[in-house]
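Written below as structure tokens is the structure these notes are about.
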Amino acid sequence: MSTSTGASTAADFDVRRHDSFGLRLQHALHANPVLGPLAVLILAIIAFSIVNTRFFAAANLSLVLLQVTVIATLALGQTMIILTAGIDLSAGAIAVFSSILMAQFCVKAGMPAVLALLLGFACGTAMGALNGMLVTRIKLPPFIVTLGTLTIFFSLNSVVSNSETVRGTDMPSLMTWTGEAIAIGNFQLSYGSIIMLLLFGFFFYALSRTAWGKHVYATGDDVEAARLAGIRTGRVLFSVYTVAGLLYAVGGWILIGRLASASPNVGTEYNLDSITAVVLGGTSLFGGRGGVIGTLIGALIVGVFRNGLQLAGVEVVWQGFAIGTLVLVAVSLDQWIRKVKG
Amino acid sequence: MTTQTVVPVLEAKGLTKRYGRVVAIDGSDLELMPGEILAVIGDNGAGKSSLIKALSGAVIPDSGEIRLDGEPVAFRNPMEARAAGIETVYQTLAVAPGLDIADNLFLGREQRRAGPLGSVFRMLDRKHMRSEAARHMSELGVATLQNIGQAVESLSGGQRQAVAVARAAAFGSKLVILDEPTAALGVKESNRVLQLIRDVRDRGLPVILISHNMPHVFEIADRIHIQRLGRRIAVITPSSHSMSDAVAIMTGAAPAPDSTGYPQDEG
Ligand SMILES: Nc1ncnc2c1ncn2[C@@H]1O[C@H](COP(=O)(O)OP(=O)(O)OP(=O)(O)O)[C@@H](O)[C@H]1O
Ligand SMILES: [Mg+2]
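Protein sequences appear in the order of chains W and D.
Residue numbering for the first sequence is 3 to 344, as defined by my numbering.
Residue numbering for the second sequence is 1345 to 1611, as defined by my numbering.
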């Protein structure tokens, strides 16, 4: 009896020492969730550069960055919400609403641009806070809350804008400033992209180097354990939704610069695209795992695929097909990684 | 008679907690005297965890009163109990699996860097927290932990338990509550935890220990609180009763003795 147990332990031990490639990969991805998305991004860049040499040109790469800037900004807020095991379907609606409000305040109400901008930010923040309050106070599931607010904010868009588009040329230059760019050689870096990158840097710091960040992860990991460990989980959740609202409003400002207008007819796809970027970036929909660097990579993956497929001559309809497939692969990968044994 | 004027560190009277139609605690009392180790025993579902959760702010009792050093308290959440110096190791451990050992030890009371880095930029002092965490863990003799920066989910059940125990022992300033802290531990590790409980007591902090392990209870407890069907039915001491007496009272096979476990009651 005892000899057979001994033999089987030795065998187990042997198996562990010669971990399969799959198992080691699983552990590596578990320890560092950014690796997978980063590999996908690099491989995609290499592949698209081979298919069409124009892809890797500085002008094209700056276009890719420009195209993902708004989505990346929204996805930043979305990341923090998903880290708490929540989800925000209203991200795009808040961004578009804020952009319309800013434009209307300038053009219709004749406010100074700075004031209109700040009021737009305040409005996005308040909308995020409303989501946060419904989630923490009334304790409704985030999916339901933001499905409701998405619909409400979207209808408000039409009301506030009178279903009219405000042209960028009618607005003060501060409103469209985010669309202007500085040239680094042939690379055009827009001020909107700079703002977006700075925000990623700031929230990377906040999530990884401050107590607030630890509390966000702990709350997303296991909300009851976090509560028992002495974290005000309600406050953490509320802060996350509120901060996300502010980020969406900043995204709305960048959107005005990108489109050179403020229109109620854009942005329906932003809600889901922001989630796509987060998921592709390796942040788990179950909360507590992932981070903003992954999301930036995830947003770039979307941009690189759309742009690369287009340059490769693939019809636009197939871009969505490719991105959708990537999302499914990313989510399956996440499920597999989460099964990792300690 | 003078001993009777000693004010309990923690005293609960008539605590009740219902979950729908389930009565988890049914008018339970508890007294924790200064410097003692009070074991709480009882069958599964006797309401032990619910009782200590009411004491630690994790659960708000429906009725009853709690006094800390003789002063009435009503904790609305675990933070308030912690702020009052009550540290708890919950049966479910309450650790964040994705965070590392150091982050878990300091969860909710993170230390910031000195100077503007800490006050303005809110930067955590990771180096300090890690070295402190390593020190607390080594006090528990968890030598097999190579890396204090290791995620808690990669630890064994016993190692996780050690993290939770180390956290409570390190930060308790009034009393420490442990709900089955040795359930997942090996013999050697259990003995370490028992020793740590004695160390905490020797530091002057009273301890409430919930355990199903009778030898442990009889080895370490000053008094034994027996919980049955949501109530305290007896308090005995390891010298006044045997293990089989305790089990018989706990299961209802023997009548509860009319004793509070205080030495003066017997003399
Ligand atoms: N959150 C809850 N919701 C519903 N019922 C609960 C809850 N917590 C405890 N109970 C019930 O209260 C009773 C006492 O549970 P409790 O966990 O306090 O027992 P225990 O003495 O700690 O048991 P064990 O030895 O198994 O840990 C049980 O019947 C349990 O089902
Ligand atoms: Mg219990």
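A virtual CB, placed ideally from N, CA and C, is assigned to each residue, including glycine.
When DSSP states are grouped into helix, strand and coil, Thr75(W) belongs to the helix group.
The CB of Ala1438(D) comes closer than 7 Å to the CB of Ala227, Leu230, Ala231 in chain W, given here in chain order. Under the criterion of beta carbons closer than 8 Å, Thr1595(D) and Asp1370(D) do not qualify as touching, at roughly 17 Å. Annotation note: the region 167–199 of chain W contains the following uninterrupted beta strand (DSSP E) runs of length 3 or greater, listed N- to C-terminal: 183–186, 189–192.
In the structure shown, Tyr1363(D) adopts extended strand secondary structure according to DSSP, grouped into three states.
At a beta-carbon threshold of 8 Å, the residues of chain W lying near Pro1422(D) are Arg229, Leu230, Ala231, Gly232, ordered along the chain.
DSSP, reduced to helix, strand and coil, places Arg1575(D) within a strand of the structure shown.
Gly290(W) has a beta carbon lying within less than 8 Å of a beta carbon in chain D.
Put simply, the region 214–221 of chain W does not touch the region 95–106 of chain W. Fewer than three CB pairs are less than 8 Å apart. Closer than 9 Å at the C-beta level to chain D, one finds these residues of the region 211–225 of chain W: Arg211, Thr212, Ala213, Trp214, Gly215, Lys216, His217, Tyr219, Ala220, Thr221, Gly222, Asp223, Asp224.
For Tyr1363(D), the shortest separation between its Cβ and any heavy atom of ligand 1 lies below 7 Å. One residue after another in chain order, those with a Cβ under 6 Å from a heavy atom of ligand 1 are Tyr1363(D), Val1366(D), Ala1368(D), Gly1386(D), Asn1388(D), Gly1389(D), Ala1390(D), Gly1391(D), Lys1392(D), Ser1393(D), Ser1394(D), Gln1435(D).
Taking the Cα of Val1367(D) as reference, the smallest distance to any Cα among Asp1447(D), Glu1355(D), Ser1394(D) is reached at Ser1394(D). Inclusion of Pro39(W) and Gly284(W) in the CB contact set at 8 Å is warranted, their separation being smaller than that value. Judged by the Cβ position, Asp1523(D) qualifies as a neighbour of ligand 2 at the 7 Å threshold, a heavy atom of the ligand being closer than this.
Following the DSSP letters along the chain, one finds Glu1476(D) inside the alpha helix (DSSP H) bounded by residues 1470–1483. Val329(W) is positioned such that its CB atom lies closer than 8 Å to that of Val281(W). Counting of Cβ neighbours within 10 angstroms places Tyr1363(D) among the exposed residues, the total staying below 16. Neighbourhood of Gly1452(D) in chain W, by CB distance below 7 Å: Ala231, Gly232, Ile233, in chain order.
Contact between the region 1468–1478 of chain D and the region 1526–1535 of chain D is absent: fewer than 3 CB-CB pairs across the two stretches fall below 8 Å.
Under the three-state reduction of DSSP, Ile233(W) is assigned to coil, being neither helix nor strand.
Beta-bridge analysis with DSSP links Arg1456(D) to Leu1468(D). Taking a contact as a CB-CB distance under 8 Å, the pair Ala220(W) and Met82(W) does not count as one, their CB atoms being some 13 Å apart. Within chain W, the residues Lys216, Tyr219, Ala220, Asp223 have their CB atoms less than 8 Å from the CB of Leu1443(D), given in chain order. Across the region 1455–1481 of chain D, CB contacts with chain W closer than 7 Å involve Arg1466, Met1467, Leu1468, in sequence order along the chain.
Beta-bridge analysis with DSSP links Glu1375(D) to Glu1355(D).
Neighbours of Tyr1434(D) in chain W, taken as residues whose beta carbon is under 7 Å from its own, are Leu230 in chain order. Secondary structure note for Ile96(W): its alpha helix (DSSP H) is the uninterrupted segment 93–109. Listed in chain order, the non-local C-beta contacts of Pro1378(D) below 7 Å within the same chain comprise Val1350, Val1353, Pro1550, local neighbours out to five positions each way being set aside. Shown here for Gln1435(D): same chain residues with a beta carbon closer than 6 Å to its own, the five before and five after excluded, namely Ser1393, Asp1523, Glu1524 in chain order. Residues of chain W with a Cβ closer than 7 Å to the Cβ of Asp1447(D) are, in chain order, Lys216. Neighbours of Ala1402(D) in chain W, taken as residues whose beta carbon is under 7 Å from its own, are Leu230 in chain order. Straight through space, the alpha carbons of Leu1437(D) and Leu1484(D) are spaced by roughly 16 Å. Judged by DSSP in its simplified three-state form, Ser22(W) adopts coil rather than helix or strand.
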